[in-house]
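Going by the numbering used here, 261 is the number at position 111 of the sequence shown; the sequence numbering is gapless.
In this text, a Cβ means the ideal position worked out from N, Cα and C, and glycines have one as well.
None of these values were measured; they are calculated from a predicted model.
Below is one structure, written out as C-alpha coordinates; the observations come after it.
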Amino acid sequence: MTGISKISKRKSIYILIISNIFFFIIPLYLIVIGIWKLTSCPSNQLLPPLMIILALLIIADRLLFWWRLYNETKFEKTFPRPSAGSMERLKTWDKNRASSSTRSILCLVWLVRVMLLVAVITGIIWTSKEIWINQCDPLITISVLFFCAFFILIFLFCILGSIYVFMAKLFRNIEQTYVACLNRLMIFDEK
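Structure, rendered in C-alpha coordinates:
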(Lines of atoms letter the chains of each structure in order from A; the text may use other names.)
(Lines give C-alpha, C1' and ligand atoms only; values in the text may rest on other atoms or scores of the structure.)
Protein backbone atom coordinates (compact mmCIF):
# COMPACT_ATOMS: atom_id res chain seq x y z
CA MET A 151 0.00 0.00 0.00
CA THR A 152 1.35 3.40 -0.89
CA GLY A 153 1.19 6.51 1.28
CA ILE A 154 -1.33 8.07 -1.09
CA SER A 155 -3.91 5.32 -0.58
CA LYS A 156 -3.69 5.80 3.21
CA ILE A 157 -5.15 9.33 3.08
CA SER A 158 -8.39 9.49 5.03
CA LYS A 159 -11.63 10.53 3.39
CA ARG A 160 -11.83 13.73 5.49
CA LYS A 161 -8.25 14.71 4.62
CA SER A 162 -8.95 14.00 0.93
CA ILE A 163 -11.91 16.37 1.00
CA TYR A 164 -9.84 19.08 2.70
CA ILE A 165 -6.99 18.73 0.20
CA LEU A 166 -9.36 18.95 -2.78
CA ILE A 167 -11.25 21.94 -1.36
CA ILE A 168 -8.11 23.88 -0.44
CA SER A 169 -6.38 23.20 -3.77
CA ASN A 170 -9.48 24.23 -5.72
CA ILE A 171 -9.89 27.40 -3.68
CA PHE A 172 -6.23 28.25 -4.28
CA PHE A 173 -6.44 27.61 -8.02
CA PHE A 174 -9.66 29.61 -8.40
CA ILE A 175 -8.62 32.64 -6.31
CA ILE A 176 -6.14 33.82 -8.95
CA PRO A 177 -8.63 33.74 -11.86
CA LEU A 178 -11.33 35.30 -9.69
CA TYR A 179 -8.94 38.12 -8.77
CA LEU A 180 -8.00 38.66 -12.43
CA ILE A 181 -11.66 38.72 -13.52
CA VAL A 182 -12.72 41.15 -10.78
CA ILE A 183 -9.83 43.56 -11.41
CA GLY A 184 -10.19 43.21 -15.21
CA ILE A 185 -13.90 44.08 -15.13
CA TRP A 186 -13.58 46.73 -12.41
CA LYS A 187 -10.73 48.56 -14.16
CA LEU A 188 -11.90 47.89 -17.73
CA THR A 189 -11.50 51.54 -18.79
CA SER A 190 -8.59 52.43 -16.49
CA CYS A 191 -5.82 51.90 -19.01
CA PRO A 192 -6.05 54.49 -21.81
CA SER A 193 -2.61 53.74 -23.27
CA ASN A 194 -3.36 50.02 -23.75
CA GLN A 195 -7.06 49.25 -23.60
CA LEU A 196 -6.38 45.56 -24.21
CA LEU A 197 -4.66 45.01 -20.85
CA PRO A 198 -7.85 44.64 -18.71
CA PRO A 199 -9.46 42.25 -21.24
CA LEU A 200 -6.17 40.31 -21.23
CA MET A 201 -6.66 39.80 -17.49
CA ILE A 202 -10.11 38.35 -18.15
CA ILE A 203 -8.74 36.12 -20.93
CA LEU A 204 -5.95 34.88 -18.64
CA ALA A 205 -8.53 34.07 -15.96
CA LEU A 206 -10.76 32.18 -18.38
CA LEU A 207 -7.78 30.19 -19.70
CA ILE A 208 -6.76 29.27 -16.14
CA ILE A 209 -10.30 28.13 -15.37
CA ALA A 210 -10.42 26.09 -18.60
CA ASP A 211 -7.06 24.52 -17.75
CA ARG A 212 -8.24 23.56 -14.26
CA LEU A 213 -11.52 22.11 -15.54
CA LEU A 214 -9.70 20.04 -18.16
CA PHE A 215 -7.17 18.94 -15.52
CA TRP A 216 -9.93 17.68 -13.23
CA TRP A 217 -11.75 16.02 -16.12
CA ARG A 218 -8.59 14.10 -17.06
CA LEU A 219 -7.88 13.23 -13.43
CA TYR A 220 -11.45 11.99 -13.00
CA ASN A 221 -11.09 9.71 -16.05
CA GLU A 222 -7.80 8.27 -14.76
CA THR A 223 -9.23 7.73 -11.27
CA LYS A 224 -12.30 6.04 -12.72
CA PHE A 225 -9.98 3.77 -14.73
CA GLU A 226 -7.99 2.87 -11.59
CA LYS A 227 -11.19 2.04 -9.69
CA THR A 228 -12.48 -0.09 -12.58
CA PHE A 229 -9.15 -1.79 -13.35
CA PRO A 230 -7.02 -1.96 -10.18
CA ARG A 231 -3.27 -1.78 -10.61
CA PRO A 232 -1.70 -5.24 -10.83
CA SER A 233 0.11 -5.89 -7.56
CA ALA A 234 2.16 -8.80 -8.78
CA GLY A 235 3.16 -10.16 -12.10
CA SER A 236 5.43 -9.30 -14.92
CA MET A 237 6.82 -5.87 -15.55
CA GLU A 238 5.19 -6.03 -18.98
CA ARG A 239 1.71 -6.30 -17.39
CA LEU A 240 2.46 -3.29 -15.23
CA LYS A 241 3.68 -1.28 -18.23
CA THR A 242 0.56 -2.22 -20.20
CA TRP A 243 -1.69 -1.21 -17.30
CA ASP A 244 0.14 2.12 -16.91
CA LYS A 245 -0.13 2.78 -20.66
CA ASN A 246 -3.86 1.98 -20.60
CA ARG A 247 -4.35 4.25 -17.56
CA ALA A 248 -2.58 7.12 -19.29
CA SER A 249 -4.67 6.63 -22.41
CA SER A 250 -7.92 6.43 -20.41
CA SER A 251 -8.21 10.16 -20.92
CA THR A 252 -9.13 10.62 -24.51
CA ARG A 253 -6.71 12.25 -26.88
CA SER A 254 -9.17 15.09 -27.38
CA ILE A 255 -8.92 16.03 -23.69
CA LEU A 256 -5.14 15.91 -23.82
CA CYS A 257 -5.11 17.98 -27.02
CA LEU A 258 -7.42 20.53 -25.41
CA VAL A 259 -5.15 20.72 -22.35
CA TRP A 260 -2.15 21.27 -24.61
CA LEU A 261 -3.99 23.91 -26.66
CA VAL A 262 -5.19 25.81 -23.57
CA ARG A 263 -1.70 25.77 -22.05
CA VAL A 264 -0.11 27.05 -25.26
CA MET A 265 -2.72 29.83 -25.44
CA LEU A 266 -2.04 30.60 -21.77
CA LEU A 267 1.69 30.83 -22.43
CA VAL A 268 1.12 33.15 -25.41
CA ALA A 269 -1.20 35.33 -23.29
CA VAL A 270 1.36 35.44 -20.48
CA ILE A 271 4.18 36.46 -22.82
CA THR A 272 1.89 39.10 -24.32
CA GLY A 273 1.05 40.30 -20.82
CA ILE A 274 4.70 40.66 -19.87
CA ILE A 275 5.48 42.61 -23.04
CA TRP A 276 2.48 44.93 -22.64
CA THR A 277 3.02 45.57 -18.93
CA SER A 278 6.73 46.23 -19.34
CA LYS A 279 5.80 48.99 -21.80
CA GLU A 280 3.06 50.31 -19.48
CA ILE A 281 5.44 50.65 -16.54
CA TRP A 282 7.49 53.22 -18.47
CA ILE A 283 4.48 55.06 -19.95
CA ASN A 284 2.68 55.13 -16.57
CA GLN A 285 -0.78 55.87 -18.03
CA CYS A 286 -2.39 52.69 -16.77
CA ASP A 287 -3.86 52.04 -13.33
CA PRO A 288 -1.01 50.57 -11.22
CA LEU A 289 -3.31 47.83 -9.91
CA ILE A 290 -3.72 46.49 -13.45
CA THR A 291 -0.05 46.78 -14.35
CA ILE A 292 1.25 45.25 -11.12
CA SER A 293 -1.38 42.47 -11.14
CA VAL A 294 -0.66 41.39 -14.71
CA LEU A 295 3.11 41.71 -14.30
CA PHE A 296 3.13 39.76 -11.03
CA PHE A 297 0.93 36.96 -12.37
CA CYS A 298 2.83 36.70 -15.66
CA ALA A 299 6.22 36.66 -13.92
CA PHE A 300 4.94 34.03 -11.47
CA PHE A 301 3.60 31.91 -14.34
CA ILE A 302 6.88 32.18 -16.28
CA LEU A 303 8.84 31.08 -13.18
CA ILE A 304 6.56 28.07 -12.73
CA PHE A 305 6.80 27.27 -16.44
CA LEU A 306 10.62 27.43 -16.34
CA PHE A 307 10.68 25.32 -13.18
CA CYS A 308 8.53 22.67 -14.91
CA ILE A 309 10.71 22.74 -18.03
CA LEU A 310 13.90 22.38 -15.97
CA GLY A 311 12.30 19.62 -13.90
CA SER A 312 11.29 17.76 -17.05
CA ILE A 313 14.79 18.10 -18.47
CA TYR A 314 16.24 16.83 -15.18
CA VAL A 315 13.93 13.79 -15.14
CA PHE A 316 14.72 13.05 -18.80
CA MET A 317 18.48 13.33 -18.21
CA ALA A 318 18.31 11.21 -15.03
CA LYS A 319 16.45 8.49 -16.92
CA LEU A 320 18.91 8.68 -19.82
CA PHE A 321 21.92 8.40 -17.48
CA ARG A 322 20.25 5.52 -15.60
CA ASN A 323 19.76 3.66 -18.91
CA ILE A 324 23.40 4.27 -19.83
CA GLU A 325 24.48 3.01 -16.40
CA GLN A 326 22.35 -0.13 -16.80
CA THR A 327 23.94 -0.72 -20.20
CA TYR A 328 27.42 -0.46 -18.63
CA VAL A 329 26.44 -2.89 -15.88
CA ALA A 330 25.05 -5.34 -18.46
CA CYS A 331 28.28 -5.06 -20.48
CA LEU A 332 30.42 -5.66 -17.40
CA ASN A 333 28.26 -8.62 -16.36
CA ARG A 334 28.72 -10.09 -19.82
CA LEU A 335 32.51 -9.66 -19.79
CA MET A 336 33.43 -10.40 -16.17
CA ILE A 337 33.84 -13.95 -14.98
CA PHE A 338 33.73 -14.79 -11.30
CA ASP A 339 34.81 -18.06 -9.81
CA GLU A 340 32.07 -19.42 -7.63
CA LYS A 341 33.46 -21.49 -4.78
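- Under the criterion of beta carbons closer than 8 Å, Leu197 and Cys308 do not qualify as touching, at roughly 26 Å.
- Taking C-alpha positions only, Phe301 is separated from Val270 by approximately 7 Å.
- In the same chain as Ala205, and ignoring 5 residues on each side of it, the C-beta atoms closer than 6 Å to its own belong to Pro177, Leu180, Ile181, in chain order.
- By the Cβ-count criterion, Glu280 is buried, with 16 or more other Cβ atoms from all chains shown falling within 10 Å of its own Cβ.
- DSSP places Ser190 outside both helix and strand once states are collapsed to three, so it counts as coil.
- Secondary structure at Cys286: coil, using DSSP grouped into helix, strand and coil.
- Remark: C-beta atoms of Phe172 and Arg212 do not approach each other more closely than 8 Å.
- Between Lys187 and Ile290 the beta-carbon gap is near 5 Å, inside 8 Å, which marks them as a contact.
- In this structure, Ile208 lies away from Leu256, with their beta-carbon atoms at least 8 Å apart.
- Inclusion of Leu258 and Leu219 in the CB contact set at 8 Å is not warranted, their separation being larger than that value.
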